[in-house]
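Visitor: Here it is, the structure in full.
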Amino acid sequence: MSKFIPLSIPNFEGNEKKYVDEALEQGWVSTGGTYITKLEEEMAKFLHTDNVAACQSGTSALHLSLIEAGVKPGDAVIVPSLTFIAAVNPVKYQFATPIFMDCDDSFCMDPVKFRDFCNEKCEFNEHTLKYRGKVVKAVIVVHVFGNMADMVSIMETAKKYNLKVIEDATEALGTFYTEGILTGKYAGTIGDFGAYSFNGNKIITTGGGGAITANRIEVVDHLRYLSTQAKSDPHHYIHDEVGYNYRMTNLQAALGVAQMEKLPEFIRRKQENYDYYCKLFEGFELGKLSRFREGISSNKWFYSLEIDKGKISASMRRIVTELEERGVQTRAIWGLINEQEPYREEDAYKLQKAPYYADRILNLPSSTQITREEIKYVVEQIKDVLGGLAID
Ligand SMILES: *Cc1c(COP(=O)(O)O)cnc(C)c1O
Numbered sequence: 112m113s114k115f116i117p118l119s120i121p122n123f124e125g126n127e128k129k130y131v132d133e134a135l136e137q138g139w140v141s142t143g144g145t146y147i148t149k150l151e152e153e154m155a156k157f158l159h160t161d162n163v164a165a166c167q168s169g170t171s172a173l174h175l176s177l178i179e180a181g182v183k184p185g186d187a188v189i190v191p192s193l194t195f196i197a198a199v200n201p202v203k204y205q206f207a208t209p210i211f212m213d214c215d216d217s218f219c220m221d222p223v224k225f226r227d228f229c230n231e232k233c234e235f236n237e238h239t240l241k242y243r244g245k246v247v248k249a250v251i252v253v254h255v256f257g258n259m260a261d262m263v264s265i266m267e268t269a270k271k272y273n274l275k276v277i278e279d280a281t282e283a284l285g286t287f288y289t290e291g292i293l294t295g296k297y298a299g300t301i302g303d304f305g306a307y308s309f310n311g312n313k314i315i316t317t318g319g320g321g322a323i324t325a326n327r328i329e330v331v332d333h334l335r336y337l338s339t340q341a342k343s344d345p346h347h348y349i350h351d352e353v354g355y356n357y358r359m360t361n362l363q364a365a366l367g368v369a370q371m372e373k374l375p376e377f378i379r380r381k382q383e384n385y386d387y388y389c390k391l392f393e394g395f396e397l398g399k400l401s402r403f404r405e406g407i408s409s410n411k412w413f414y415s416l417e418i419d420k421g422k423i424s425a426s427m428r429r430i431v432t433e434l435e436e437r438g439v440q441t442r443a444i445w446g447l448i449n450e451q452e453p454y455r456e457e458d459a460y461k462l463q464k465a466p467y468y469a470d471r472i473l474n475l476p477s478s479t480q481i482t483r484e485e486i487k488y489v490v491e492q493i494k495d496v497l498g499g500l501a502i503d
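Here it is, written out as structure tokens:
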């Protein structure tokens, strides 16, 4: 079979080549140049926020957030257990300890368990939350697959316990609230910090890259300063803090500016294709398309199917392999982070839904250039493969 429908590939149908050529001609290829500033301005405008700093990856954006939040060796940080491991690794870079939380049906952090954990398992004295003697400084909330975590509730708990909120919006650029007290607010602009990623599989890409925003202009300026080796003086080698080489390059930013021009179009296509998948899966008994939260406009970055494990006992690995043989690339959702080798010893609080979903969510081809014909083919193959694996 020559047909191959990939899970998620980048889309360069705009001004990418033109802008990268321009950057090359100007000779500005490294961490200086006008495209970096332009990308930051375009993002700030799009997100209705005051200041954005472009950096090297989503991971570096998260690391900088933790540093700025004051997370130090021996502190604790509350994190999700069902997500990509890049959301949690920076906690270890700071020699801090992650505490793993469960998800709700949006696959994002369960706000009730988060609140209960702070209420019941921690002590709160003199504006400081402590868990087993460790100071809990922050919570990292991931907006999984372009969904929105329940930020109203999470912010309330975080405020009560004086926790910094770091939003991992690497998958949710363009997702915003359409109802409630946060109406008009974009994922990543609600908490203290918001991290974005432009890795090759995200809704827009710069090859590798990221961005970071914060709730105060001066904080973003400071993050930018940290990302360029903390140069306290532009001409003399004066450094008042430990800095990092986390700044985005102008070559990447040239790609990014072209991608930002296409972002509204990409989101529109993702939403349309999602609706089409929904229609084709209507009435299917062996699985259902995962929903996005009510009261938000989601970028619908990644689609997923919840397989009915009461009717299908085959492993996710087997399902993925059989679909691959038919030219359809799918992927099982992540394994739980607290079960990965570097994290086995860490505490996890009442995990129920995370292991449940880890065993039955299948990600579907979600590229912006996928055609209706291809979606139809994908759905036919999934129905056929799952039908063949069903328990009679
Ligand atoms: C992609 C991703 C990251 C990391 O972004 P990079 O740019 O690859 O470093 C972090 N968290 C989540 C949830 C992601 O999906």
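Quick note: the numbering used here has the sequence shown finishing at residue 503, numbered continuously throughout.
Backbone N, C-alpha and C fix where the C-beta goes; we use that ideal spot for every residue, glycine too.
If you're wondering where the values come from, they're calculated on a predicted model, not measured in any experiment.
At a cut of 8 Å, does the segment 466-484 reach the segment 233-250 through at least three beta carbon pairs?
Guide: Segments in contact, no.
Visitor: Leaving out five residues before and five after Glu179 in sequence, what residues of the same chain have Cβ atoms less than 8 Å from its Cβ?
Guide: Phe304, Ala325, Val330, His333, Leu334, Leu337
Visitor: Determine the contact status of Val190 and Asn361, defining contact as a CB-CB distance below 7 Å.
Guide: no
Visitor: Decide if Gly311 is buried, meaning its Cβ has at least 16 other Cβ atoms within 10 Å, or exposed.
Guide: exposed
Visitor: Evaluate contact between the segment 112-131 and the segment 362-369, counting only Cβ atoms and requiring at least three cross-stretch pairs below 8 Å.
Guide: yes
Visitor: Does the beta-carbon of Asn474, which I'm using as the reference point, lie nearer than 6 Å to any heavy atom of ligand 1?
Guide: no
Visitor: Which stretch, first to last residue, makes up the beta strand (DSSP E) that contains Pro308?
Guide: According to the sequence as given, residue 308 is Ser; it is not Pro. Ser308 -> beta strand (DSSP E) spans 304-308.
Visitor: Determine the direct distance from the alpha carbon of Phe287 to that of His159, and round the result to whole angstroms.
Guide: 11 Å
Visitor: Give every residue of the same chain whose Cβ lies closer than 8 Å to the Cβ of Val276, excluding the five residues on either side of it in the sequence, and list them in chain order.
Guide: Ala249, Val250, Val252, Ile265, Met266, Ala269, Ile301, Gly302, Asp303, Phe304
Visitor: What is the rounded straight-line gap between the Cα of Gly498 and the Cα of Leu397?
Guide: 8 Å
Visitor: Based on the DSSP output, what are the partners of Ile116 in its beta bridges?
Guide: Val439
Visitor: What do you get for Val353, buried or exposed, if any count of 16 or more other CB atoms within 10 angstroms of its CB means buried?
Guide: exposed
Visitor: To the nearest angstrom, report how far apart Gly421 and Ser217 are at their CA atoms.
Guide: 21 Å
Visitor: Just to check my reading of the structure: Phe206 and Pro184 have Cβ atoms closer than 8 Å, yes? What is that Cβ distance to the nearest angstrom?
Guide: 4 Å
Visitor: Do you know offhand how far Val188's Cα is from Leu118's?
Guide: 32 Å
Visitor: Answer yes or no: the CB of Glu282 versus the heavy atoms of ligand 1, is any distance below 6 Å?
Guide: yes
Visitor: Thr479 to Arg402, Cα distance in whole Å?
Guide: 19 Å
Visitor: Verify the contact flag: Gly321, CB atom, against every heavy atom of ligand 1, threshold strictly below 6 Å.
Guide: yes
Visitor: Given Tyr242, which residues of its chain have a CB within under 6 Å of its CB, disregarding the five upstream and five downstream residues?
Guide: Ala187, Cys233
Visitor: So Glu234 is in the beta strand (DSSP E); what residue range does that whole segment cover?
Guide: 234-236
Visitor: Would you kindly work out how many angstroms separate the C-alpha atoms of Met112 and Ile120, rounded to a whole number?
Guide: With a pLDDT of 47 at Met112, under the threshold of 50, the modelled position of this residue cannot be trusted; read the value that follows with caution. Near 20 Å, if we compare the C-alpha coordinates of Ile120 and Met112.
Visitor: Using the C-alpha atoms, what's the distance from Ile349 back to Asp386?
Guide: 55 Å
Visitor: Can you give me the C-alpha to C-alpha distance between Gln492 and Leu434, rounded to a whole angstrom?
Guide: 7 Å
Visitor: Near Gln451, which residues of its chain fall below 8 Å by C-beta distance, leaving aside the five closest residues on each side in sequence?
Guide: Ile196
Visitor: Could you check the C-alpha separation between Gly257 and Thr294 for me, to the nearest Å?
Guide: 17 Å
Visitor: So for Glu133, helix, strand or coil by DSSP?
Guide: helix
Visitor: When DSSP builds the beta bridges, which residues end up paired with Cys214?
Guide: Met220
Visitor: Can you tell me whether Thr170 is buried or exposed? The criterion is at least 16 other CB atoms within 10 Å of its CB, across all chains shown.
Guide: buried
Visitor: In the DSSP output, what is Thr239 paired with across the bridge?
Guide: Asn236
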